[in-house]
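Numbering (the working numbering), first residue to last: 594 to 881. Yeah, the Cβ is synthetic: ideal placement off N, Cα and C, and Gly gets one too.
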Amino acid sequence: MSKKIGLYANTDRDAGLYRTRQVIDILRDLGAVPLVDPTKQSTEVLSLPGITHGSYTDCSVLISLGGDGTFLSAVHCAQEGQVPVIGINLGSIGFLTEIEPDQIEWALPALVNGDYKIKERMQLDVRCYHEDGSEFFAALAINDAVLSRGAVPHIIPILLWIDGEKVETIPSDGVIVSTATGSTGYAMAAGGPIIDPTLQLMLITPICPHTLHNRSSIIAPHSKIRLTIGDHQHTSHLSVDGRKTVAVRRTDTVCINRAENAARFICLVDRNFFKRVPDKIRGRGREA
C-alpha cells in the first residue's frame, strides 16, 4: 500500500503554489500519495493535480509548507491522529521548520522511506473559566499562551498562582506562559531565555513589567498555573499560539497545565540547537 503523505500549504507564502506542486510531483514519483484534507485547506490547494482528498489522520506524515505559523497550524491539524509533522520553510526565520526549499529533493525520499526520528515536544493545556466555574475556552498550545491588555494603552495587574498559591501580582502589558519550544518565540522577544526545546518545563515571562525586575521564571512541568486579572475595568485577551483568541474579564480564570499528549516533530538530521538559533536569526528576511 502506498504511503499517504499529508500536505498543509500556506498559499500566501507559496506564490503560485510552486513549491507545493514540486512536492506533489516528487512524492508521486516516489510512489507516495500526496493527501490534502478538504476541511483544512483552500480550494486553490484542493484543486491541484495529483492530489488525493482525505483526512490527515490517515497520513503517516504531515508536511507544512510555509513559516512557523503555518507549521503550528499543521501540528494542530495533526493532533487527533498524533501524526508527526515536518515543515518546509517558506517563511522568514523558520525556527520550527526542518527543511529549506533547496533541500526538498533529498528530504522527501527520506520521509517516504521512514529515514527520520520523531521528537516529542511538550504542549500546554489552556482553559478559561467564568466565576461560576463554567468553562468557556479550551485549547492546546505548542508555543505559548499570552494573557495581554489588548488594545487598551494601560498596564494590567496580572495575579500569578502556582500550585494553588498566589506567587505575585505582575503589573505589565501581559504575561507569556510558554513551553521550551516556545522560548524562541514571543518569550524571546520579551527578554526570556532560549531553552532546549526538548526539555519538559513551563516558562513564565512578563511583557513590559512595571517593576524593578524583569525576570522569567522556569516552572516544573507538573505545576499548575493560574492567571487572573486584578482590579482592572477593561477586558483583556488570551491568545494561544497566535491562532485562537478569547476575551478574559476580571472575574475569569486562566488555567494552564501540561497537556496529556505531546506534539510529534520529525527530525531528519541532528543539529546543534544553540547554533541553529543564531543562524536562523541572521537569515531573517529570506523570502521564499
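Per-residue burial, I849 [other beta carbons within 10 Å of its own, 16 or more giving buried] = buried
If you follow the alpha helix (DSSP H) that P802 is part of, which residue opens it and which one closes it?
-> Here P802 belongs to no alpha helix (DSSP H), and DSSP marks it neither H nor E.
Which residues in the same chain have their Cβ closer than 7 Å to the Cβ of T645, if we skip the five residues on either side of it in sequence?
-> V626, P627, L628
Quick one: is K837 near chain D, going by C-beta distance under 8 Å?
-> No chain D is part of this structure, which consists of one protein chain only.
Could you give the DSSP three-state label for K817: helix, strand or coil?
-> coil
Would you kindly work out how many angstroms separate the C-alpha atoms of P642 and K596, rounded to a whole number?
-> 18 Å
Selected residue, minimal CA-CA separation from N567, among L861, G785, N865 = Within the shown structure, residues of the chain are numbered from 594 to 881, placing residue 567 beyond reach of any answer.
Is L717 closer than 8 Å to A734 when the C-beta atoms are compared?
-> Contact flag set, yes.
Identify every residue that forms a DSSP beta bridge with A602.
-> L658
Three-state class that DSSP yields for D718 in the structure shown | DSSP places D718 in strand when its eight states are reduced to three.
With DSSP run on the structure shown, which of helix, strand or coil describes C652?
-> coil
Which class does K873 belong to by DSSP, given the choice of helix, strand or coil?
-> helix
Integer-rounded CB distance, given that S829 should sit under 8 Å from I748 = Between S829 and I748 the Cβ distance is about 11 Å, and since that is not below 8 Å, they are no contact.
Per the contact definition of three or more C-beta pairs closer than 8 Å, is the segment 634–641 in contact with the segment 818–826?
-> no
Whose C-beta lies closer than 7 Å to the C-beta of K837 among residues of the same chain, with five residues either side of it excluded?
-> A732
Determine the burial state of P746: buried for a count of at least 16 other Cβ atoms within 10 Å of its Cβ, exposed for fewer.
-> exposed
Could you have a look at I617 and say whether DSSP puts it in helix, strand or coil?
-> If DSSP states are grouped into helix, strand and coil, I617 belongs with the helices.
Apart from the five residues on each side of it in sequence, which residues of its chain come closer than 8 Å, Cβ to Cβ, to G785?
-> Once the five neighbours on either side are set aside, the close Cβ partners of G785 are I769, S771, S776, L796, T798, S809.
Expected contact under 8 Å - CB spacing of L689 and Y601 to nearest Å | The Cβ separation is near 13 Å, so there is no contact.
Host beta strand (DSSP E) of P750 (start-end) = 749–755
Would DSSP call V862 helix, strand or coil?
-> V862 falls in the coil class under three-state DSSP.
Going by the CB atoms, is the gap between L740 and L665 shorter than 8 Å?
-> Contact: no.
Would you call the CB atoms of V678 and I859 closer than 8 Å?
-> yes
Using the DSSP secondary-structure output, state which residues sit across from P746 in a beta bridge.
-> In the DSSP output, where bridge partners are listed per residue, P746 has none listed.
Which runs of the beta strand (DSSP E), 3 residues or longer, sit entirely within the segment 754–784?
-> Taken in chain order, the whole beta strand (DSSP E) runs of length 3 or more contained in the segment 754–784 are 758–765, 767–771.
Host alpha helix (DSSP H) of N736 (start-end) | Note, N736: premise wrong, no alpha helix (DSSP H); not H, not E.
Taking all protein chains shown into account, do 16 or more other C-beta atoms lie within 10 angstroms of the C-beta of L805, making it buried, or fewer, making it exposed?
-> Exposed is the call here.
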